[in-house]
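Take 15 as the starting number for the sequence shown in my numbering and just add one per residue. Just so it is clear, CB atoms sit at the ideal spot from N, CA and C, and this is done for glycine as well. Source: prediction; values computed, not measured.
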Amino acid sequence: MMILITTAGKVGAEAARLLADRGERVRVLARNLEKAAALARSGVEVAAGDLDAPATIDAAMRGVSSVVLVSPAIPAQELNVVDSAVRAGVRHVVKVTSKASADSPIARRRGQAEIENGLIASGLGYTLLRNNAYMQNFFMSAPSIAKESSFGSAAGDGRLGMIDTRDVAAVAAEIALAPASHAGKTYWPTGPDSLSFADAAAVLSKVLSRPIAFEPLTIEEQTQAMIEAGVPAALAAMNAQAVGLFAEGDCDYVTGDVPSILGRPARDFEQFVTDHIPAFS
Ligand SMILES: NC(=O)c1ccc[n+]([C@@H]2O[C@H](COP(=O)([O-])OP(=O)(O)OC[C@H]3O[C@@H](n4cnc5c(N)ncnc54)[C@H](OP(=O)(O)O)[C@@H]3O)[C@@H](O)[C@H]2O)c1
Numbered sequence: 015m016m017i018l019i020t021t022a023g024k025v026g027a028e029a030a031r032l033l034a035d036r037g038e039r040v041r042v043l044a045r046n047l048e049k050a051a052a053l054a055r056s057g058v059e060v061a062a063g064d065l066d067a068p069a070t071i072d073a074a075m076r077g078v079s080s081v082v083l084v085s086p087a088i089p090a091q092e093l094n095v096v097d098s099a100v101r102a103g104v105r106h107v108v109k110v111t112s113k114a115s116a117d118s119p120i121a122r123r124r125g126q127a128e129i130e131n132g133l134i135a136s137g138l139g140y141t142l143l144r145n146n147a148y149m150q151n152f153f154m155s156a157p158s159i160a161k162e163s164s165f166g167s168a169a170g171d172g173r174l175g176m177i178d179t180r181d182v183a184a185v186a187a188e189i190a191l192a193p194a195s196h197a198g199k200t201y202w203p204t205g206p207d208s209l210s211f212a213d214a215a216a217v218l219s220k221v222l223s224r225p226i227a228f229e230p231l232t233i234e235e236q237t238q239a240m241i242e243a244g245v246p247a248a249l250a251a252m253n254a255q256a257v258g259l260f261a262e263g264d265c266d267y268v269t270g271d272v273p274s275i276l277g278r279p280a281r282d283f284e285q286f287v288t289d290h291i292p293a294f295s
């Protein structure tokens, strides 16, 4: 059995590593072979490809039984993967997604809905992982936490059931390996707790052994901060819009999906910070 993972970002690279560690055959589609070099050394097959180039996806799809579909979620690109999977006779696609809906104010969520619907209509076996916000988003604030012992956000008092991308990857890998009992299902993976950003600041302070302050931002300030962190302007505006929804409680929920699929608890925010102390120091 061969599992294909498109692409080799945070979730994809970790899912590939987990499968390779278990001795499973796993391939990643990556456009930048240099970035995937460490994966290749750990036993993952790396296929050079681009989600805008269907022939390269078809080449990566040869002999594949399950796909983990994870990428920046541009509909045309991910639907290229779905079409390729149909041509190749793939059995199952695990789609990494978010709070998708066709009438969301957030363009990415409308795009996710378009991809989900295309996947469902394809007739392939599928599982949707509609993940809560990623703990790894805190890496965008890492320079300011390291230098100024503070971080800003427009999330206000909103609480989030944030999930560690390592757990998203573990869930995706597990389902790709044994899809039968997960076919046609939609999961809402979260971490174990719903935390406000003030709560997150308290955890950061405890683990880093110095006070870390949370500074509320307006949506405009949030957009500017993301642009300064290197996010393209249009994407920064969309992400800040999503953070504005966090303030309204949009991500304030916790589910038991991670423990029920993995048979162990989801990582909490304290674990996430503890495992990345150098990034915040
Ligand atoms: N952030 C959140 O809070 C959150 C919450 C819920 C769901 N999600 C969902 O999670 C998914 C993103 O997962 P992630 O965080 O693992 O992504 P990521 O770390 O941003 O990685 C994206 C990967 O896609 C690659 N890529 C981009 N364009 C490509 C192309 N044309 N051809 C081949 N590869 C390409 C990138 O390669 P390069 O390195 O070469 O650019 C990178 O390796 C999205 O569906 C998002 O909506 C995110």
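Cβ separation of residue i and residue j, assumed to be a contact under 8 Å, to the nearest whole Å
{"i": "Pro-119", "j": "Asn-94", "result": "With 8 Å as the limit, Pro-119 and Asn-94 do not qualify as a contact, their Cβ atoms being about 26 Å apart."}
{"i": "Ala-186", "j": "Val-110", "result": "6 Å"}
{"i": "Val-82", "j": "Ile-17", "result": "7 Å"}
{"i": "Asp-282", "j": "Pro-206", "result": "5 Å"}
{"i": "Ala-61", "j": "Ala-74", "result": "4 Å"}
{"i": "Ala-116", "j": "Arg-105", "result": "Not quite, the Cβ-Cβ distance comes to about 27 Å (not below 8 Å), so this is no contact."}
{"i": "Thr-232", "j": "Ala-168", "result": "6 Å"}
{"i": "Asp-171", "j": "Ser-210", "result": "6 Å"}
Environment of residue i [buried if 16+ CB atoms lie within 10 Å]
{"i": "Asp-264", "result": "buried"}
{"i": "Met-240", "result": "buried"}
{"i": "Gly-103", "result": "exposed"}
{"i": "Pro-273", "result": "exposed"}
{"i": "Ser-295", "result": "exposed"}
{"i": "Arg-173", "result": "buried"}
Closest Cα partner of residue i within the set the options
{"i": "Gln-236", "options": "Ala-256, Lys-220 and Ser-223", "result": "Ala-256"}
{"i": "Ser-56", "options": "Ala-29, Val-108 and Ala-250", "result": "Ala-29"}
{"i": "Ala-44", "options": "Ser-167, Asp-66 and Trp-202", "result": "Asp-66"}
{"i": "Gln-150", "options": "Val-58, Ala-214, Gly-258 and Asp-117", "result": "Ala-214"}
{"i": "Pro-292", "options": "Ile-275, Lys-161 and Ala-87", "result": "Lys-161"}
{"i": "Leu-47", "options": "Arg-31, Gly-170, Pro-230 and Ala-22", "result": "Ala-22"}
{"i": "Tyr-201", "options": "Asp-117, Ser-85 and Ile-275", "result": "Ile-275"}
{"i": "Pro-230", "options": "Ala-212, Glu-262, Arg-278 and Arg-101", "result": "Ala-212"}
{"i": "Ala-99", "options": "Ala-127, Phe-228, Glu-262 and Ala-135", "result": "Ala-135"}
{"i": "Ala-156", "options": "Glu-59, Met-15 and Leu-222", "result": "Leu-222"}
Distance between residue j and residue i (C-alpha atoms, nearest Å)
{"i": "Met-89", "j": "Val-107", "result": "Checking the displayed sequence, the identity of residue 89 turns out to be Pro instead of Met. Rounded to whole angstroms, Pro-89 to Val-107 spans 15 Å at the Cα level."}
{"i": "Thr-179", "j": "Arg-144", "result": "12 Å"}
{"i": "Ala-121", "j": "Glu-38", "result": "36 Å"}
{"i": "Ile-71", "j": "Gly-63", "result": "6 Å"}
{"i": "Glu-234", "j": "Ala-248", "result": "13 Å"}
{"i": "Gly-26", "j": "His-196", "result": "19 Å"}
{"i": "Met-176", "j": "Lys-113", "result": "13 Å"}
{"i": "Met-154", "j": "Gly-77", "result": "38 Å"}
{"i": "Leu-142", "j": "Glu-130", "result": "8 Å"}
{"i": "Met-252", "j": "Thr-204", "result": "22 Å"}
{"i": "Val-42", "j": "Tyr-140", "result": "19 Å"}
{"i": "Gly-244", "j": "Lys-24", "result": "17 Å"}
Residue interval of the alpha helix (DSSP H) (run including residue i)
{"i": "Arg-122", "result": "121–135"}
{"i": "Ala-214", "result": "211–222"}
{"i": "Pro-273", "result": "271–276"}
{"i": "Pro-68", "result": "68–75"}
{"i": "Leu-191", "result": "179–191"}
{"i": "Ser-98", "result": "89–102"}
{"i": "Gly-258", "result": "247–261"}
N- and C-terminal bounds of the beta strand (DSSP E) containing residue i
{"i": "Phe-153", "result": "No beta strand (DSSP E) holds Phe-153; DSSP gives it neither H nor E."}
{"i": "Pro-230", "result": "227–230"}
{"i": "Ile-19", "result": "16–20"}
{"i": "Ala-62", "result": "59–62"}
{"i": "Lys-109", "result": "106–111"}
Chain C within 9 Å of residue i, Cβ atoms only
{"i": "Pro-225", "result": "Although the question refers to chain C, the structure presented lacks it and comprises just one protein chain."}
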